[in-house]
Amino acid sequence: MSATPPDSRHRHLQPANDRPDEAAGHLVLDAQWAALSKAASAIAALAGPQVVAQARSQLTLPPSMYKARDRRGALIAQTLADLVAVMEPGLKALLEVHARGADAAPPALALWHEFVSARTALLALAPAAPDPTQAH
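In the numbering used here, the protein residues as written are 16 to 151.
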(Lines of atoms letter the chains of each structure in order from A and count residues from 1; the text may use other names and numbers.)
(Lines give C-alpha, C1' and ligand atoms only; values in the text may rest on other atoms or scores of the structure.)
Protein backbone atom coordinates (compact mmCIF):
# COMPACT_ATOMS: atom_id res chain seq x y z
CA MET A 1 0.00 0.00 0.00
CA SER A 2 1.32 3.40 -0.96
CA ALA A 3 1.56 6.29 1.46
CA THR A 4 0.52 8.58 -1.39
CA PRO A 5 -3.25 9.08 -1.70
CA PRO A 6 -4.60 7.17 -4.74
CA ASP A 7 -5.91 10.27 -6.51
CA SER A 8 -2.51 11.97 -6.58
CA ARG A 9 -0.23 9.05 -7.48
CA HIS A 10 -0.06 9.96 -11.16
CA ARG A 11 -0.38 13.72 -10.88
CA HIS A 12 3.25 14.06 -11.94
CA LEU A 13 2.28 12.65 -15.35
CA GLN A 14 0.19 15.71 -16.19
CA PRO A 15 1.35 19.27 -16.74
CA ALA A 16 0.76 21.73 -13.92
CA ASN A 17 -2.33 23.15 -15.63
CA ASP A 18 -4.07 19.73 -15.27
CA ARG A 19 -4.46 19.34 -19.05
CA PRO A 20 -3.06 16.26 -20.75
CA ASP A 21 -0.04 16.92 -22.93
CA GLU A 22 -1.42 17.75 -26.36
CA ALA A 23 1.39 16.04 -28.27
CA ALA A 24 0.99 12.87 -26.22
CA GLY A 25 -2.75 12.96 -26.85
CA HIS A 26 -2.14 13.17 -30.58
CA LEU A 27 0.24 10.21 -30.41
CA VAL A 28 -2.37 8.13 -28.60
CA LEU A 29 -5.06 9.12 -31.09
CA ASP A 30 -2.72 8.29 -33.98
CA ALA A 31 -1.83 4.92 -32.49
CA GLN A 32 -5.45 3.99 -31.80
CA TRP A 33 -6.56 5.05 -35.24
CA ALA A 34 -3.64 3.24 -36.94
CA ALA A 35 -4.63 0.02 -35.17
CA LEU A 36 -8.29 0.51 -36.07
CA SER A 37 -7.42 1.24 -39.70
CA LYS A 38 -5.39 -1.95 -39.98
CA ALA A 39 -8.20 -3.98 -38.44
CA ALA A 40 -10.79 -2.29 -40.65
CA SER A 41 -8.67 -2.98 -43.75
CA ALA A 42 -8.52 -6.66 -42.87
CA ILE A 43 -12.27 -6.73 -42.21
CA ALA A 44 -12.93 -5.00 -45.54
CA ALA A 45 -10.78 -7.59 -47.32
CA LEU A 46 -12.77 -10.39 -45.70
CA ALA A 47 -16.06 -8.67 -46.56
CA GLY A 48 -15.26 -8.62 -50.27
CA PRO A 49 -13.97 -6.49 -53.12
CA GLN A 50 -16.94 -4.08 -53.09
CA VAL A 51 -16.10 -3.14 -49.50
CA VAL A 52 -12.38 -2.84 -50.21
CA ALA A 53 -13.21 -0.32 -52.95
CA GLN A 54 -15.04 1.94 -50.49
CA ALA A 55 -12.70 1.34 -47.56
CA ARG A 56 -10.07 3.95 -48.43
CA SER A 57 -12.35 6.87 -47.68
CA GLN A 58 -13.32 5.34 -44.33
CA LEU A 59 -9.78 4.70 -43.11
CA THR A 60 -8.63 8.29 -42.69
CA LEU A 61 -9.02 10.41 -39.61
CA PRO A 62 -9.85 14.04 -40.35
CA PRO A 63 -7.51 16.65 -38.84
CA SER A 64 -10.43 18.23 -36.96
CA MET A 65 -10.39 15.23 -34.60
CA TYR A 66 -7.16 16.60 -33.12
CA LYS A 67 -8.81 19.90 -32.24
CA ALA A 68 -11.32 18.43 -29.79
CA ARG A 69 -10.75 19.47 -26.20
CA ASP A 70 -12.10 18.81 -22.72
CA ARG A 71 -15.30 16.76 -22.66
CA ARG A 72 -15.49 16.34 -26.43
CA GLY A 73 -11.89 15.11 -26.56
CA ALA A 74 -12.57 12.68 -23.72
CA LEU A 75 -15.68 11.41 -25.52
CA ILE A 76 -13.66 10.87 -28.71
CA ALA A 77 -11.03 8.94 -26.75
CA GLN A 78 -13.72 6.80 -25.10
CA THR A 79 -15.47 6.16 -28.42
CA LEU A 80 -12.17 5.05 -29.95
CA ALA A 81 -11.53 2.74 -27.01
CA ASP A 82 -15.03 1.29 -27.39
CA LEU A 83 -14.48 0.76 -31.09
CA VAL A 84 -11.19 -1.03 -30.41
CA ALA A 85 -13.02 -3.22 -27.89
CA VAL A 86 -15.52 -4.27 -30.56
CA MET A 87 -13.16 -4.58 -33.51
CA GLU A 88 -10.41 -6.60 -31.86
CA PRO A 89 -12.42 -9.68 -30.88
CA GLY A 90 -14.56 -9.31 -33.99
CA LEU A 91 -11.54 -9.48 -36.26
CA LYS A 92 -10.13 -12.39 -34.28
CA ALA A 93 -13.41 -14.30 -34.75
CA LEU A 94 -13.50 -13.49 -38.47
CA LEU A 95 -9.95 -14.75 -38.94
CA GLU A 96 -10.88 -17.93 -37.10
CA VAL A 97 -13.91 -18.43 -39.39
CA HIS A 98 -11.75 -17.79 -42.44
CA ALA A 99 -9.01 -20.16 -41.22
CA ARG A 100 -11.59 -22.93 -40.92
CA GLY A 101 -12.55 -22.45 -44.55
CA ALA A 102 -15.98 -21.00 -43.88
CA ASP A 103 -17.36 -17.93 -45.63
CA ALA A 104 -16.40 -14.95 -43.48
CA ALA A 105 -17.89 -12.36 -45.86
CA PRO A 106 -21.35 -11.98 -44.22
CA PRO A 107 -20.08 -11.47 -40.66
CA ALA A 108 -17.21 -9.33 -41.98
CA LEU A 109 -19.73 -7.13 -43.77
CA ALA A 110 -21.74 -6.77 -40.56
CA LEU A 111 -18.61 -5.78 -38.60
CA TRP A 112 -17.62 -3.39 -41.39
CA HIS A 113 -20.99 -1.65 -41.07
CA GLU A 114 -20.41 -1.34 -37.30
CA PHE A 115 -17.04 0.28 -37.99
CA VAL A 116 -18.53 2.73 -40.49
CA SER A 117 -21.34 3.64 -38.08
CA ALA A 118 -18.90 4.20 -35.22
CA ARG A 119 -16.63 6.29 -37.47
CA THR A 120 -19.62 8.42 -38.46
CA ALA A 121 -20.42 8.96 -34.77
CA LEU A 122 -16.77 9.90 -34.16
CA LEU A 123 -16.86 12.46 -36.95
CA ALA A 124 -19.94 14.02 -35.39
CA LEU A 125 -17.86 14.63 -32.25
CA ALA A 126 -15.15 16.52 -34.11
CA PRO A 127 -15.24 20.28 -33.74
CA ALA A 128 -16.80 21.99 -36.71
CA ALA A 129 -14.42 23.76 -39.02
CA PRO A 130 -14.87 27.53 -38.93
CA ASP A 131 -17.15 28.80 -41.66
CA PRO A 132 -15.11 31.28 -43.71
CA THR A 133 -18.30 32.97 -44.92
CA GLN A 134 -19.29 33.95 -41.38
CA ALA A 135 -17.95 37.31 -40.23
CA HIS A 136 -17.16 37.71 -36.56
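Glycine included, every Cβ here is placed at the ideal spot set by N, Cα and C.
- Taking a cut-off of 8 Å on C-beta distances, the region 55-62 touches the region 116-125, as three or more cross pairs fall below it.
- Sequence-distant partners of residue 99 (beyond 5 residues in either direction) whose C-beta falls short of 7 Å from its own C-beta, in its chain, are 47, 50, 51.
- Counting only residues of its own chain and dropping the five nearest sequence neighbours on each side, residue 137 has a CB closer than 6 Å to the CB of 94.
- The criterion of a C-beta distance shorter than 8 Å is satisfied by residue 80 and residue 44.
- The continuous alpha helix (DSSP H) containing residue 121 extends over residues 120-140.
- Judged by beta-carbon spacing, residue 74 lies beyond the 8 Å limit of residue 119, meaning their Cβ atoms are not closer than that value.
- For residue 77 against residue 133, the beta-carbon gap comes to about 15 Å, at or over 8 Å, which does not count as contact.
- With distances taken between CA atoms, residue 102 lies nearest to 129 out of 83, 116, 86, 129.
- Excluding residues up to 5 positions away in sequence, 141, 142 lie with their Cβ nearer than 8 Å to the Cβ of residue 82 in the same chain.
- With a minimum length of 4 residues, the unbroken runs of alpha helix (DSSP H) contained wholly in the region 84-116 fall at 85-114.
- Around the beta-carbon of residue 70, 16 or more other beta-carbon atoms lie within 10 Å, marking it buried.
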